[in-house]
Amino acid sequence: MPAQHADIIIIGAGIAGAGLAAMVADERGVIILEAEDHPGYHSTGRSAAVLIQNYGNATIRALTRISRTYLEQPPEALTDHSLLHRRGCLFTATENNGDNVRELLKEAEGLTAVTPDEALRLIPALKPDAVYMAAYEATAADIDVAALHQGWLRMAKRSGAQLHIRERVTSIKHTNHLWHLETDSNAYSAPVIVNAAGAWADTVACMAGVKPVGIVPKRRSIAILPEPSSYNVSEWPMFGNVNDTWYCKPETGRLLVSPADEDPVEPMDAYVDDLVLAEGLHRFEQAVNFPVSRIEGSWAGLRSFTPDNTPVAGFSPDAEGFFWLAGQGGYGIQTAPAISELAASMLTSNVQRHLYTSPIITALSPKRF
Ligand SMILES: Cc1cc2nc3c(=O)[nH]c(=O)nc-3n(C[C@H](O)[C@H](O)[C@H](O)COP(=O)(O)OP(=O)(O)OC[C@H]3O[C@@H](n4cnc5c(N)ncnc54)[C@H](O)[C@@H]3O)c2cc1C
Numbered sequence: 001m002p003a004q005h006a007d008i009i010i011i012g013a014g015i016a017g018a019g020l021a022a023m024v025a026d027e028r029g030v031i032i033l034e035a036e037d038h039p040g041y042h043s044t045g046r047s048a049a050v051l052i053q054n055y056g057n058a059t060i061r062a063l064t065r066i067s068r069t070y071l072e073q074p075p076e077a078l079t080d081h082s083l084l085h086r087r088g089c090l091f092t093a094t095e096n097n098g099d100n101v102r103e104l105l106k107e108a109e110g111l112t113a114v115t116p117d118e119a120l121r122l123i124p125a126l127k128p129d130a131v132y133m134a135a136y137e138a139t140a141a142d143i144d145v146a147a148l149h150q151g152w153l154r155m156a157k158r159s160g161a162q163l164h165i166r167e168r169v170t171s172i173k174h175t176n177h178l179w180h181l182e183t184d185s186n187a188y189s190a191p192v193i194v195n196a197a198g199a200w201a202d203t204v205a206c207m208a209g210v211k212p213v214g215i216v217p218k219r220r221s222i223a224i225l226p227e228p229s230s231y232n233v234s235e236w237p238m239f240g241n242v243n244d245t246w247y248c249k250p251e252t253g254r255l256l257v258s259p260a261d262e263d264p265v266e267p268m269d270a271y272v273d274d275l276v277l278a279e280g281l282h283r284f285e286q287a288v289n290f291p292v293s294r295i296e297g298s299w300a301g302l303r304s305f306t307p308d309n310t311p312v313a314g315f316s317p318d319a320e321g322f323f324w325l326a327g328q329g330g331y332g333i334q335t336a337p338a339i340s341e342l343a344a345s346m347l348t349s350n351v352q353r354h355l356y357t358s359p360i361i362t363a364l365s366p367k368r369f
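When you line the sequence shown up against full-length UniProt numbering, it's residues 1 to 369, in that order.
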């Protein structure tokens with residue numbers, strides 16, 4: 001069958017593939033291939049949907065800072081309203097891990113120490129002995145992930161990009177400066193392919209004969225709990241143990257609680273490990289003054305990390321026209337605008353010099369592996 005041709009083929013229509021497509025499609029012919037029935041089925045549709053500035057390493061924080069501006073004032077072509085809703089985030093420590101709050105405060109931005117009394121005023125359901133020390137990031141925000149993701153896909157389509165769902169790429173070959181891709185029913189070709197396959201990024205690289213970078217998908221689970229009686233949780237900030245042993249966030253009148261699990265798994269349609277969830281909810285129960293009596297729902301998703309916990313974005317040093325856009329870990333939504341812009345500028349060579357010389361470009365480069 002004749003191959004469908006594009007300037008750039010993006011493999012994966014999660015937030016990474018969608019963001020890049022939106023930013024590159026007005027200058028290049030783009031086809032996005034997505035294995036599932038609907039884009040966002042994997043990590044993008046399973047996130048906690050928050051932006052926390054004081055989270056991740058220095059590169060993640062720089063990308064988050066840039067992305068925040070975009071999310072607060074997105075371009076008209078995307079939407080006419082802010083994609084952030086102020087939430088706040090309270091980091092707590094028990095007597096055993098107060099040092100971790102001190103450590104976090106040292107290198108923090110927009111984070112203030114709060115007394116245990118102030119912390120209990122923010123979250124009256126916390127047990128006093130769960131709050132030996134605390135710090136508060138007032139500008140942490142909920143992200144409207146669906147509006148961002150769908151908005152980017154719409155932008156890309158308006159600029160001529162084609163999104164093909166139920167098209168799992170099963171074969172990738174490179175001949176005569178062109179990549180040839182096959183799915184079960186179609187063939188495609190392009191001089192440039194973008195690996196935005198999330199947890200499957202190394203699988204896609206291997207399929208293309210490109211050296212994998214060592215991406216490890218790690219499962220993270222979430223439970224939805226009913227609103228505890230005698231509390232109105234809607235205006236609570238997000239809160240969690242500074243050591244990332246659990247966190248909790250109000251979610252449309254209910255509570256989203258995560259055990260903050262990070263178990264390495266194979267790339268897959270992730271599902272909850274009941275024992276891990278139960279243990280995490282037990283840790284949460286020890287910090288709050290109400291019992292977990294019912295779970296209304298739960299899910300798990302994959303957070304995929306490179307060996308240095310920094311995303312990988314850029315052309316592979318060992319394969320012409322193979323572009324990496326993966327390894328966003330637990331920060332792929334809050335960093336997506338900045339990473340998409342950088343990736344788009346690298347792909348179109350429409351690069352402002354300051355971006356190329358930026359240490360961020362070096363930090364994201366696949367050459368480091
Ligand atoms: C529980 C949880 C909470 C999180 N909370 C936050 C948060 O609060 N804030 C934040 O910023 N981030 C958060 N994250 C991280 C964020 O969700 C991810 O970093 C981000 O969604 C990754 O996007 P992606 O597009 O790379 O991956 P995905 O959304 O997984 O997209 C990759 C796509 O590639 C497709 N694909 C794979 N192989 C092929 C193939 N061979 N052919 C065609 N298509 C293929 C897949 O079907 C998939 O749709 C969280 C993640 C989890 C799991």
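Where a beta carbon is used, it is the ideal one built from N, C-alpha and C, also for glycine.
Taking residue i as part of the alpha helix (DSSP H), name the residues at either end of that continuous run.
i, result
"Met-207", "201 to 207"
"Met-155", "145 to 158"
"Leu-104", "98 to 106"
"Leu-342", "336 to 348"
"residue 392", "With the chain covering only 1 through 369, there is no way to say anything about residue 392."
"Ile-361", "359 to 364"
Terminal residues of the continuous beta strand (DSSP E) containing residue i?
i, result
"Leu-122", "Not the beta strand (DSSP E): Leu-122 falls in the alpha helix (DSSP H), residues 116 to 122."
"Glu-279", "First-last for Glu-279: 274 to 287, but that is the alpha helix (DSSP H), not the beta strand (DSSP E)."
"Leu-90", "89 to 93"
"Met-238", "238 to 241"
"Met-133", "133 to 137"
Looking only at DSSP bridge pairs, what is residue i linked to?
i, result
"Gln-328", "Phe-305"
"Ile-15", "DSSP, once it has assigned bridges, lists no residue as partnering Ile-15."
"Thr-180", "Per the sequence shown, the amino acid found at residue 180 is His instead of Thr. Paired residue(s): Lys-173 and Ser-189."
"Glu-251", "Arg-254"
"Ile-8", "Val-30 and Val-192"
"Gly-314", "Trp-324"
"Ser-298", "Ala-223"
"Pro-264", "Lys-218"
"Asp-142", "Val-50 and His-85"
"His-164", "Leu-33"
"Leu-111", "Glu-137"
"Leu-126", "Val-288"
With a cut-off of 8 Å on the beta carbons, I'd call residue i and residue j a contact; round off their distance for me.
i, j, result
"Asp-7", "Pro-191", "7 Å"
"Ile-333", "Ile-15", "6 Å"
"Gly-321", "Ile-193", "7 Å"
"Leu-126", "Val-24", "The Cβ separation is near 46 Å, so there is no contact."
"Tyr-132", "Thr-79", "No, Tyr-132 and Thr-79 are not in contact; Cβ-Cβ is about 42 Å, not under 8 Å."
"Pro-259", "Ala-199", "Not really, about 19 Å apart at Cβ, beyond 8 Å."
"Asn-309", "Asn-54", "So it is not a contact: roughly 15 Å between Cβ atoms."
"Leu-153", "Ala-18", "5 Å"
"Asn-186", "Gln-73", "Not quite, the Cβ-Cβ distance comes to about 39 Å (not below 8 Å), so this is no contact."
"Ile-60", "Tyr-231", "Not a contact, Cβ separation roughly 32 Å."
"Ile-11", "Ala-223", "That belief does not hold up - the Cβ atoms of Ile-11 and Ala-223 are roughly 32 Å apart, past 8 Å."
Residue i: which of the options sits nearest, CA to CA?
i, options, result
"Asn-195", "Ala-130, Val-169, Asn-54 and Leu-111", "Val-169"
"Ala-278", "Pro-39, Ile-295, Leu-20 and Ala-134", "Ile-295"
"Asp-273", "Phe-323, Pro-311, Arg-220 and Gly-253", "Arg-220"
"Thr-92", "His-282, Tyr-136, Ala-3 and Ser-82", "Tyr-136"
"His-164", "Ile-224, Glu-182, Pro-226 and Lys-173", "Glu-182"
"Ala-156", "Thr-335, Thr-362, Asp-318 and Ile-32", "Ile-32"
"Asn-97", "Leu-111, Asp-129 and Arg-121", "Asp-129"
"Val-312", "Asp-117, Leu-275 and Pro-366", "Pro-366"
"Glu-285", "Ala-119, Ile-60 and Leu-225", "Leu-225"
"Asp-202", "Leu-120, Gly-160, Ala-319 and Trp-324", "Trp-324"
"Leu-111", "His-282, Ile-52, Asn-243 and Glu-72", "Ile-52"
"Arg-28", "Ala-49, His-38, Leu-122 and Gly-160", "Gly-160"
"Gly-314", "Ala-187, Phe-369 and Ser-47", "Phe-369"
"Ser-43", "Gly-329, Ala-113, Ala-134 and Ser-298", "Gly-329"
"Arg-158", "Ser-82, Ala-22 and Arg-254", "Ala-22"
"Gly-151", "Ala-77, Thr-245, Asn-241 and Gly-280", "Ala-77"
"Ala-270", "Tyr-41, Arg-61 and Met-1", "Tyr-41"
"Val-213", "Pro-307, Thr-362, Thr-335 and Met-1", "Pro-307"
"Ala-134", "Ser-229, Ile-123 and Pro-116", "Pro-116"
"Ile-339", "Ile-11, Leu-20, Gln-162 and Pro-317", "Leu-20"
"Glu-167", "Asp-244, Ala-13 and Tyr-231", "Ala-13"
"Ser-229", "His-81, Pro-124 and Pro-359", "Pro-124"
"Glu-227", "Val-257, Ile-215 and Asn-241", "Val-257"
Are the C-beta atoms of residue i and some chain B residue less than 7 Å apart?
i, result
"Leu-277", "Of the protein chains in the structure, only one exists, and it is not chain B."
Would the beta-carbon of residue i be found less than 6 Å away from any heavy atom of ligand 2?
i, result
"Thr-44", "Here the bound small molecules are ligand 1; ligand 2 is not part of this structure."
Margin query: Measuring CB atoms only, is the stretch 59 to 79 touching the stretch 208 to 215, in the sense that at least three cross pairs come out at less than 8 Å?
Written below: In short, these stretches do not touch, since the Cβ pair count stays below three.
Notebook entry, point to check: Can at least three beta-carbon pairs, one atom from the stretch 235 to 242 and one from the stretch 86 to 97, be found at a separation below 8 Å?
Noted result: Counting Cβ pairs under 8 Å, three or more are found: they touch.
Next item on the list: Please confirm if the stretch 97 to 107 is in contact with the stretch 142 to 153, defined as three or more CB-CB distances below 8 Å between the two stretches.
Entry: A contact is defined here as three or more CB-CB pairs under 8 Å, and the stretch 97 to 107 fails this definition with respect to the stretch 142 to 153.
Next item on the list: Report yes or no: do the stretch 168 to 186 and the stretch 126 to 141 share at least 3 C-beta pairs separated by less than 8 Å?
Entry: Contact between the stretch 168 to 186 and the stretch 126 to 141 is absent, because fewer than three Cβ pairs lie under 8 Å.
Check: Would the stretch 300 to 310 and the stretch 248 to 255 be scored as touching if the rule is three or more Cβ pairs under 8 Å?
Finding: Segments in contact, no.
Next item on the list: May I ask you to verify whether the stretch 253 to 263 touches the stretch 214 to 229, counting CB pairs closer than 8 Å and requiring at least 3?
Entry: A contact between stretches requires three or more CB pairs, one per stretch, nearer than 8 Å, and the stretch 253 to 263 meets this requirement with the stretch 214 to 229.
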